[in-house]
Amino acid sequence: MSRGTGERLPCPTPMAETPRTVAVIGAGPAGITAAWRLARAGCAVTVLERSERAGGRAGSSAPHLLSAADRRLLALLQDAGLAGEFLPLRPWYRARFAGDGDLVPAAGIGPLAAWRLPGVSWIEALRLVRLNRLGHRYADCLDPEAPERAAPLDDRCLRDFGELYFGPGVVRHCFEPLLGEAAPANAAHVSRVAFLLRWQSRRGVAVGALRSDSGAPWRRLAESLETRFDHAVEAIDVAGERMQVRWQAGDAPGSGEFDAVVLALPARETVRLGGALLVDAERRDLAEAPMDPAMRWQAEVGSVRAAVRTWVVPPPGQPLASLTLEPGMGATPARISALARPGWSLERLAVPDDTVVKEFAAAVERYGLRATGTSLERHPQAFPRFDVGRYRSLARLRRVQQDRRRAGRRLYLAGDHWIAPSIEGAVVSGERAAAEALEDLRVSRSHS
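Throughout, my numbering is defined as the position within the sequence shown, counted from one, plus 887.
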């Protein structure tokens, strides 16, 4: 059972005397979302999580930029009765460092805003008027809840696309920072589709963060479910018309049979556990799905230059991919949270914590920030990369999954690597996996 200390959220009583049973493996946003929707529809759901907490990469107290465009996440919080606790979103100010270290407003994706940026020529800025026309041309392919529909556009990296239509300055100072709000991205590798989907969803939308740490909603939702922490799943097999899941809980082995299983794990973990239940095309494409590591560092500081909560994109070439600044209020000290770039993180995955913490402190000290009381998180598989070809791979995988569903397979796959490297992407994937399971199990969603 879950080990939360807060008040348990209401979870509807199953509608049937013998409800369908579903195991959800992974208690990150994708798994918790799928489990919540399945439970709301009347399924008996068991969530198995190998760690000691829910939330995965989103389980820390570090803020994540959200907006009204994250409609699936916001709807989940509303449906779960958590809106009063976590919404409305707290506004965040988007900024960049000027040459003297002062904070100035971050540029929007528009000619006037881009023209004010050092490194962007007036000709490049003027070319941004093309972006709306291109967005209109590609609109039928750009569906943030079904990104595989953009496979026909997945033939060019962001750098080639951006430099062809706009110029290198726009790519470096406008496009990459926008993508970097969700996850660090390399314009030379990432598909132009990833940028177009992000730009489409963020046009004219103010950004913000939850009114609590980012991990709190997932802990609260996990408390309302049959969540078993410290349960490391070892294998999934077919047992007649049901699915058998075997796990290890400390020194005690265990197993259970279920009508369906949702695997809400990173791509390579999905391959490991899916085993023979996956076909060759799924194993190959998932095993080749690139993932970036990440290190996130949080600290208290004496003061910050920002008067309001601020999300900062450091200059290109720096070890930090993003930096959040929260000014202190009363007895609450000012805080910062820094996310390192993937290459920097990869080189330090095996470096002792105290050494990495000192390097983070040195990286922020150049901006006049002196840190105390630091903490460090390591995520070897943090962010799925959507490089050129990834959306074509997703389209192939979706066709295979539909075929396997028709053949009777009751294994459903979720995770942000199916949609986008964001909390919203994970939630969308969990919603989709739950909807498909309910359809195949012939469970009505009228009460979900």
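The beta-carbon is built from N, C-alpha and C at its ideal position, and this holds for glycine as well.
Span of the alpha helix (DSSP H) around residue i
| i | result |
| --- | --- |
| Trp-1105 | 1103–1110 |
| Gly-1064 | Correcting the residue type first, residue 1064 is Pro in the shown sequence and not Gly. Element bounds for Pro-1064: 1063–1067. |
| Arg-1079 | 1079–1089 |
| Ser-1316 | 1310–1328 |
| Leu-1045 | 1045–1052 |
| Ser-1232 | 1229–1234 |
| Glu-1032 | Glu-1032 -> no alpha helix (DSSP H), and no H or E assigned at all. |
Environment of residue i [buried if 16+ CB atoms lie within 10 Å]
| i | result |
| --- | --- |
| Leu-999 | exposed |
| Thr-1242 | exposed |
| Pro-975 | exposed |
| Ala-1324 | buried |
| Trp-1198 | buried |
| Ser-1331 | exposed |
| Ile-1010 | exposed |
| Gln-1185 | buried |
| Ser-1078 | buried |
| Val-1314 | buried |
| Val-1132 | buried |
| Arg-1253 | exposed |
| Glu-1035 | buried |
| Val-1238 | exposed |
| Glu-1326 | exposed |
| Ala-1227 | buried |
| His-951 | buried |
| Met-1216 | exposed |
| Gly-1189 | exposed |
| Thr-905 | exposed |
| Gly-1317 | buried |
Where the beta strand (DSSP E) through residue i begins and ends
| i | result |
| --- | --- |
| Asp-957 | Neither: Asp-957 is in no beta strand (DSSP E) and is coded neither H nor E. |
| Gly-1255 | Neither: Gly-1255 is in no beta strand (DSSP E) and is coded neither H nor E. |
| Gly-1095 | 1094–1096 |
| Trp-1184 | 1178–1188 |
| Arg-983 | 980–984 |
| Glu-1213 | 1207–1213 |
| Glu-939 | Taken as a continuous stretch (DSSP letters only), Glu-939 belongs to no beta strand (DSSP E), as it is neither H nor E. |
| Phe-973 | Per DSSP, Phe-973 belongs to no beta strand (DSSP E); it is in the alpha helix (DSSP H), 970–973. |
| Pro-1140 | 1139–1145 |
| Ala-910 | 908–912 |
| Pro-992 | 990–992 |
Residues sharing a beta bridge with residue i, DSSP
| i | result |
| --- | --- |
| Phe-1270 | Asp-1179 |
| Arg-1265 | Met-1182 |
| Asp-1124 | Gln-1131 |
| Ala-1168 | Answer is none; Ala-1168 lacks a bridge partner. |
| Leu-963 | Answer is none; Leu-963 lacks a bridge partner. |
| Trp-1002 | Per DSSP, none; premise fails for Trp-1002. |
| Ala-1225 | Trp-1184 and Leu-1210 |
| Trp-1198 | Arg-981 and Thr-1211 |
Distance between beta carbons of residue j and residue i, contact taken as under 8 Å
| i | j | result |
| --- | --- | --- |
| Asp-1179 | Arg-1272 | 6 Å |
| Ala-1037 | Val-1007 | Between Val-1007 and Ala-1037 the Cβ distance is about 27 Å, and since that is not below 8 Å, they are no contact. |
| Arg-1115 | Glu-936 | 7 Å |
| Arg-1196 | Tyr-1052 | With a Cβ gap of about 34 Å, Arg-1196 and Tyr-1052 do not count as contacting. |
| Ala-993 | Val-1200 | 6 Å |
| Leu-953 | Leu-1097 | 7 Å |
| Trp-1105 | Gly-968 | Their Cβ separation, rounded to whole angstroms, is 15 Å, which puts Trp-1105 and Gly-968 out of contact at 8 Å. |
| Ala-1258 | Glu-1187 | 7 Å |
heavy atom of the ligand ADP below 7 Å from residue i C-beta
| i | result |
| --- | --- |
| Ile-996 | This structure does not include the ligand ADP; it has no bound ligands of any sort. |
How about the stretch 1260–1279 and the stretch 1033–1047: do they share at least three Cβ pairs that are nearer than 8 Å? As far as the Cβ criterion goes, the stretch 1260–1279 touches the stretch 1033–1047, which means the pair count is three or higher.
I'd like to know if the stretch 1260–1274 and the stretch 1089–1103 are in contact, where contact means that at least 3 CB-CB pairs between them fall below 8 Å. Fewer than three beta-carbon pairs drawn from the stretch 1260–1274 and the stretch 1089–1103 are found closer than 8 Å, and the two stretches are therefore not classed as touching.
Three Cβ pairs or more, each shorter than 8 Å: is that satisfied between the stretch 977–993 and the stretch 1026–1035? These segments do not touch.
Can you confirm whether the stretch 935–942 touches the stretch 1107–1118 when touching is taken to mean that 3 or more C-beta pairs between the two stretches lie within less than 8 Å? Short answer: they touch.
Okay, do the stretch 1299–1310 and the stretch 1142–1155 touch, 3+ Cβ pairs below 8 Å being the bar? Cβ pair count under 8 Å is three or more, so yes.
Give a yes or no on contact between the stretch 920–930 and the stretch 1156–1167, applying the rule of three or more CB pairs nearer than 8 Å. Segments in contact, no.
So, does the stretch 1140–1147 touch the stretch 1280–1294, judging by three or more C-beta pairs under 8 Å? When C-beta atoms of the stretch 1140–1147 are compared with those of the stretch 1280–1294, fewer than three pairs fall below 8 Å, so the two segments do not count as touching.
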